[in-house]
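Numbering (our numbering), first residue to last: 575 to 759.
C-beta atoms are modelled at their ideal positions from N, C-alpha and C, and glycine is treated no differently.
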């Protein structure tokens, strides 16, 4: 097994690969919950291993130094297709000794498919940005965490019904997501 510049002297003894899916649960007034699939959340590789021999604790310290590095790296493992991953957990399971260290680890697959990482989106005081259209200039609000259509209607001084009509791409007016564009009437 290898991650970034660290190569394990021998593969971990125990490992599991979890495939995760994101599901949103929405409470419907006076009704049952509605579930919405939000796509794959990627894979998680968890495992446990030992370093044994006179340099066991040195090996663990090298692995801990790799854990401290930020960002994803290439993970090569016999049951895991080679993939970019984040090293998310490292734990010494019992009191380490110079010649024996039992440890647990966890990696999360980086499914971003690009090397740019996530970028923060800066919003102005109103959150709206002008966008050109054939009829002139139309304002568009980029949804931020915690936004609702009702709150946006109040913020921009428009009727909620007009805001909903201006955004037919929004299938459920009670559910908008960060990064989504909301056209202002």
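query = Roughly how many whole angstroms lie between the Cα atoms of residue 727 and residue 615?
reply = Here the alpha carbon of residue 727 sits roughly 32 Å from the alpha carbon of residue 615.
key: Span of the alpha helix (DSSP H), counted from its first residue to its last, around residue 729   = That run of the alpha helix (DSSP H) goes 723-730.
task = Return helix, strand or coil for residue 597, following the three-state DSSP convention.
result = Here residue 597 sits in strand by DSSP.
inquiry  = Less than 7 Å between C-beta atoms, sequence neighbours within five positions excluded: which residues of the same chain meet that for residue 721?
reply    = Cβ neighbours of residue 721 within its own chain (closer than 7 Å, five residues either side excluded): 750.
task = Using the Cα positions of residue 747 and residue 655, report the straight-line distance between them to the nearest angstrom.
result = Distance between the alpha carbons of residue 747 and residue 655: 40 Å.
task = With a threshold of 16 other CB atoms inside 10 Å of the CB of residue 621, please say whether the residue is buried or exposed.
result = Residue 621 is buried by the Cβ-count criterion.
task = Label residue 684 either buried or exposed according to how many other C-beta atoms from any shown protein chain fall within 10 Å of its C-beta, with 16 as the threshold for buried.
result = Classified as buried, residue 684 has 16 or more neighbouring CB atoms from the shown chains inside 10 Å of its CB.
Residue 642: first and last residue of the uninterrupted alpha helix (DSSP H) it sits in = From DSSP, the alpha helix (DSSP H) with residue 642 extends over 630-642.
Residue 581 versus residue 623 - alpha carbon distance = Between residue 581 and residue 623, the C-alpha separation is close to 13 Å.
message = Using a 10 Å radius around the Cβ and a threshold of 16 neighbouring Cβ atoms, would you call residue 752 buried or exposed?
response = Here residue 752 is exposed, its C-beta having fewer than 16 other C-beta atoms within 10 Å.
ask   = Just curious, the alpha helix (DSSP H) that residue 648 is in, first and last residue?
value = Where residue 648 is concerned, there is no enclosing alpha helix (DSSP H), although the beta strand (DSSP E) around it starts and stops at 647-651.
request  = Tell me whether the beta-carbon of residue 717 lies closer than 8 Å to the beta-carbon of residue 758.
outcome  = No; because the gap between Cβ atoms is not below 8 Å, this pair is not in contact.
request  = Report the three-state DSSP secondary structure of residue 717 (helix, strand or coil).
outcome  = In this structure, residue 717 counts as coil in the three-state DSSP scheme.
inquiry  = Please identify the residue among 662, 625, 629 and 657 whose C-alpha is closest to the C-alpha of residue 640.
reply    = A check of alpha carbon separations from residue 640 across 662, 625, 629 and 657 identifies 662 as the nearest.
message = DSSP three-state label for residue 659, please.
response = Strand, per DSSP.
task = Pick out whichever of 629, 729 and 593 has its Cα sitting closest to the Cα of residue 613.
result = It is 593.
Closest by C-alpha distance to residue 577, when choosing among 652, 676 and 670 = Minimum Cα distance to residue 577 is reached at 652.
task = Compute the beta-carbon to beta-carbon distance between residue 730 and residue 670, rounded to the nearest angstrom, for a pair I have assumed lies under 8 Å.
result = About 59 Å separates the two Cβ atoms, so there is no contact after all.
For residue 735, the three-state DSSP class (helix, strand or coil) = Residue 735 falls in the helix class under three-state DSSP.
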